[in-house]
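Protein chains in written order, with the numbering used here: chain H, 1 to 397; chain B, 1001 to 1397. Beta carbons are placed, not taken as given, at the ideal position from N, Cα and C, and that holds for glycine. A short write-up of the structure that comes next.
Number of protein chains: 2
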Amino acid sequence: MNRRMYELGSRRSVIREIFEYGKKRAQQEGKDKVFDFSLGNPSVAPPAIVKETLLRLLQEEEPTALHGYTSAQGDLAVRRAIAAYIEKTQGVEADADYIYMTCGAAASLTISLSAICNAGDEVIAFAPYFTEYKVFAETAGARLVPLASDPETFQIDVSLLEKAISADTAAVIVNSPNNPSGVVYSEETVGKLAALLDKKSREYGRTIYIVTDEPYRELVYGGVKVPYLTKYYKNTVVCYSYSKSLSLPGERIGYIFVSPQAENAKELYLAVCGAGRALGYVCAPSLFQKTIAACQGVTADVSVYEKNRDLLADALRSYGYRLVKPDGAFYLFVRALEEDAYAFCERAKRYGLLLVPGDDFGCAGYVRIAYCVSPDMISRSLPYFKKLAEDYGKSID
Amino acid sequence: MNRRMYELGSRRSVIREIFEYGKKRAQQEGKDKVFDFSLGNPSVAPPAIVKETLLRLLQEEEPTALHGYTSAQGDLAVRRAIAAYIEKTQGVEADADYIYMTCGAAASLTISLSAICNAGDEVIAFAPYFTEYKVFAETAGARLVPLASDPETFQIDVSLLEKAISADTAAVIVNSPNNPSGVVYSEETVGKLAALLDKKSREYGRTIYIVTDEPYRELVYGGVKVPYLTKYYKNTVVCYSYSKSLSLPGERIGYIFVSPQAENAKELYLAVCGAGRALGYVCAPSLFQKTIAACQGVTADVSVYEKNRDLLADALRSYGYRLVKPDGAFYLFVRALEEDAYAFCERAKRYGLLLVPGDDFGCAGYVRIAYCVSPDMISRSLPYFKKLAEDYGKSID
């Protein structure tokens, strides 16, 4: 048996572990006693057009075609719809021949990194970063190199990055809006990043790719704009998923978009196709490919998340917690009230508050709070967050 | 960029290549001029219960739960339904805790082999075998060792296998009903295989696993029974898919069942979970997990395939072609009428007949004919098969 796989299976991701614990505890003590902030499972219903489209396809389409294999890279009409939407909204060149439909963001990342990396390569990620990046990089034969971000803003620390890039650097993972910090990288950050990668690619005589993980692109508040990376850096591979924007995380539907401006873009796209094949992805689920094609430009009602963010962030600050109020995604990344975030999370559990320690996101001393839950649960949880703060001697404003 | 992935992407599977050629030629010359026998895309509609269940779930279930993440190993109720069905129909021990839902058979195989194999291991497959086994074995760090089958019956040649097993053998892939031969392994074959693997596992002091690829289990004709392998050999991992039995190939839904009797079954199951995680599979598509749970024991109308088989096999024989009339799946594996199957397929193309050379299945000198097409297309194609035989000087009975 394979040791790495056994270890990945037996030491589940911390998030999944807490999620399973929460389900068990809710069964034992009652749902109202558990405040599960562990999982990024959207609480807002998919927009109405999703159900309408599913019903229409099921009623009107010939079923063997509807549920049949698509081309490995995805149904052509679907890829065309996505390319047209990218061109229209982002003003960048896009083309169906550079889009590869996937089973969601995790598949997009694993496939992209496997297409780009060779054994011994390094992939840089900016902490805090999504815990599974390490797993995906290692599947591609590479090593994940985590880098600290600016501790005040969680923007990329470009001077740290300059020192970290080496002859082995194959790719840099960008995730904005960020999981778990919620931070959106500014145009200034993106510009500096692109300039540095251009310089370093020349210096080392190898293309350093940006792999950008974008499931939260549409989950932004207060009119913030998320820069589209192919506009700033040609060697970019966009990994998109409809999990959050259409509230379809279980359906596993997303895509990879290789910038047509990338060096050897055609070859890179073929390597993406090859990696999908090697990893056992025959095609992305057919019914949902056709469904999302009809939902371009539609997003679940994110105003609920915005209200949740405001309610929770403002209350936590008033209780004495320290946090950056984020512009996007549905996470708060909060300073733990003691040095050891694990110990802090254990104490929070006494009040039924299930939080995820930041250590697994590469940031010790923080916790992630996923606020994609019902506003009611947030309101009911606040007295417990307050008590938790009082345990640490925080005085209340 | 990764060379292996680029090559896998640029040299597409021969089957996919012919399929894409067929689509293009049909556009140019008209659909009635092309007889595409290349792809195993079911032509029989999914049974009515599939659509009914999909509509019911969409109308009745709360959408964020319906489309939400399931546990990584799959929804518990779904896994329970599958385990109960296996126990009831096969009379073997099964359990939800040993079932892992997947995105179809290719995912099941890639995950299983990745869970079992270590770098340098060997995986044995019996020719003719599904072309992608080589790719999946190599993703798992192993080397595929193809073995010839009995040329008269396409049953496993156990004496050849005895010589081929080495200290590096990690697994043997079994595929019955077989793609591309359509042959069902008899109880006698399975018994001999199990006894040999038991003996060799002891001899080498390592467990040799059977990985059994079973998408065609229900596609059998004339009351033939397909032996259930966990009954004969404890170290068995069953890879199942609903692609063919429910005519849902594009929806990517299937499962892995680790026999609870396997040595270290619990650990092996965890390695399966770990491999799914490493390869980027977060969970199998949620809506279709719930759909197939309600369709246990239902199969698309396979009588159409049986009639196709009889019509085509009998006609081809009467034209002078040599073939084993198979008991299952929806393929005929036919002797090419010249030594070079590629040249034979090129000649067949002149008549619009799109066949797949056997070389990629590990059997030179044969072609695969996928008869999961409309009976009408088969009838219209027969005169061309006859002309093709006449080109080779075959006299007609």
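Counting the other Cβ atoms within 10 Å of the Cβ of G1254/B gives 16 or more, which makes it buried.
Under DSSP, the beta-bridge partners assigned to E1122/B are R1143/B and T1169/B. Of all C-beta pairs linking the segment 321 to 334 of chain H to the segment 352 to 368 of chain H, three or more are shorter than 8 Å, placing the two stretches in contact.
For Y6/H, the neighbours in chain B by C-beta distance under 7 Å run, in chain order, E1267, L1270, A1271 and G1274. In this chain, T212/H is not harboured by any alpha helix (DSSP H); it is covered by the beta strand (DSSP E) spanning Y209 to D213. In the assembly as shown, S166/H is an exposed residue. Its beta-carbon has fewer than 16 other beta-carbons within 10 Å. Sorting P1326/B, L1147/B and P1249/B by C-alpha distance to the C-alpha of P1128/B places L1147/B at the top.
Residues are counted here when their Cβ sits less than 9 Å from a Cβ of chain B; for the segment 40 to 64 of chain H these are G40, N41, P42, S43, V44, A45, P46, V50, K51, L54, L55, L58, Q59, E62, P63 and T64, given in chain order.
Around the CB of R1277/B, 16 or more other CB atoms lie within 10 Å, so the residue is classed as buried. Classified as buried, G1352/B has 16 or more neighbouring CB atoms from the shown chains inside 10 Å of its CB. V1220/B is bridged by DSSP to G1328/B. Contact with chain H is found for T1139/B, since one of that chain's Cβ atoms lies less than 8 Å from the residue's Cβ.
Looking only at F1344/B, V1226/B, Q1261/B and R1252/B, the smallest Cα-Cα distance to T70/H is reached by R1252/B.
Note on geometry: alpha-carbon atoms of V184/H and V220/H lie some 8 Å from one another. Within the same chain, Y1098, V1258 and S1259 come within 7 Å of A1265/B by CB-CB distance, once the 5 residues on both sides are set aside.
Distance from the CA of L246/H to the CA of A1313/B, rounded to the nearest whole angstrom, comes to 49 Å.
The C-beta separation of L337/H from Y392/H comes to about 4 Å, placing the pair in contact by the 8 Å criterion. Look at T1236/B here: in three-state DSSP terms it is strand. Here the C-alpha atom of V356/H lies approximately 7 Å from the C-alpha atom of C345/H. Separation of D327/H and N175/H (C-alpha to C-alpha, rounded to the nearest whole angstrom) is 13 Å.
M1101/B is bridged by DSSP to Y1255/B.
With a threshold of 8 Å between beta carbons, Y1242/B makes no contact with chain H. A Cβ of chain H is located within less than 8 Å of the beta carbon of Y1281/B. Any Cβ of chain B closer than 8 Å to the Cβ of M1/H would place that residue at the interface, and such an atom is present.
Counting only runs that start and end inside the segment 1274 to 1356 of chain B, the beta strand (DSSP E) elements of at least 3 residues fall at 1331 to 1335. Taking a C-beta cut-off of 9 Å against chain B, the contacting residues of the segment 289 to 311 of chain H are Q289, listed in chain order. The DSSP-derived three-state label of R12/H is coil.
Just measuring C-alpha positions, the residue of E1263/B, K1200/B and R1143/B sitting nearest S1159/B is K1200/B. The beta-carbon distance between S1112/B and F1126/B, rounded to whole angstroms, is 17 Å. This is too long to meet the 8 Å contact definition.
For R79/H, the enclosing alpha helix (DSSP H) stretches over residues L76 to Q90. For M101/H against A343/H, the beta-carbon gap comes to about 44 Å, at or over 8 Å, which does not count as contact. Taking all protein chains in view, the Cβ of R1309/B is crowded by 16 or more other Cβ atoms within 10 Å, so the residue is classified as buried. In the DSSP annotation of this structure, A1262/B is not part of any alpha helix (DSSP H), being labelled neither H nor E. Of all residues in the segment 1009 to 1034 of chain B, the ones placed with a Cβ closer than 8 Å to any Cβ belonging to chain H are G1009, S1010, R1012, S1013, R1016 and E1020, in chain order.
For A81/H, the CB contacts under 7 Å within the same chain, skipping 5 residues up- and downstream, are A293 and Q296 in chain order. Annotated three-state conformation of F1019/B is helix, per DSSP.
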